[in-house]
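Heads up, the sequence shown is in this note's numbering, so the first residue is -3 and it goes up one at a time. Built from N, CA and C at the ideal position, the CB exists for glycine as well.
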Amino acid sequence: ELRSMRAEAMKVISAAMPPEGDFVPEPICGVGGTARAANQLYLAAGGGTEGYSPDFLRDVLAQAEANPRKLMRRILKLAPERVHTLIPGIVVLSTAAELCGAKTIVTSSYGVREGYLENMLEKEGLLHG
């Protein structure tokens, strides 16, 4: 199942990528709840706060195949609301990092909604940047 998710993610993300050379791959920034939950897994594993390697995500996916019950227990402790969405999200994040050639993933503490709201408040003159 993970392989088919990865193949689909590869197809969709590849189609949305700009031409090679039109972007800077380092680092990429994960935004949203799934990215924050993946970062929580990293921090709980003893990782630092400066970001992490895509290798960490590959290790999580390997554990999802080798010992899914153990991984689910870890997820339930850290982000129970993400128990059904975290692994598919990690597949997407890992695939995006690979396609971009990123060696580091950093996680935003803010989401897309906050950015949209800030943008709208600036346009209305209610927030000055």
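For the beta strand (DSSP E) that contains residue i, what are its first and last residues?
i, result
"Thr103", "Ile101 to Thr103"
Can you tell me which residues form a DSSP beta bridge with residue i?
i, result
"Cys96", "None; Cys96 has no bridge partner."
"Gly26", "Thr103"
"Tyr48", "Ile101"
Is the separation between the beta-carbon of residue i and that of residue j shorter than 9 angstroms?
i, j, result
"Ala34", "Leu89", "yes"
"Ile83", "Leu(-2)", "yes"
"Thr91", "Ile24", "no"
"Pro50", "Lys99", "yes"
"Leu95", "Met13", "yes"
"Leu37", "Arg70", "yes"
"Gly107", "Gly29", "yes"
Give the range of the alpha helix (DSSP H) segment to which residue i is assigned.
i, result
"Pro64", "Pro64 to Leu74"
"Tyr112", "Val108 to Lys119"
"Arg(-1)", "Leu(-2) to Ala12"
To the nearest angstrom, how far is it from the Cα of residue i to the Cα of residue j?
i, j, result
"Ala31", "Lys119", "28 angstroms"
"Gly97", "Met6", "13 angstroms"
"Asp55", "Val20", "25 angstroms"
Taking buried to mean at least 16 other C-beta atoms within 10 Å of its own C-beta, is residue i buried or exposed?
i, result
"Thr45", "exposed"
"Arg143", "There is simply no residue 143 to check, as the chain begins at -3 and stops at 125 in what is shown."
"Ala41", "exposed"
"Gly26", "buried"
"Gly111", "exposed"
"Gly17", "exposed"
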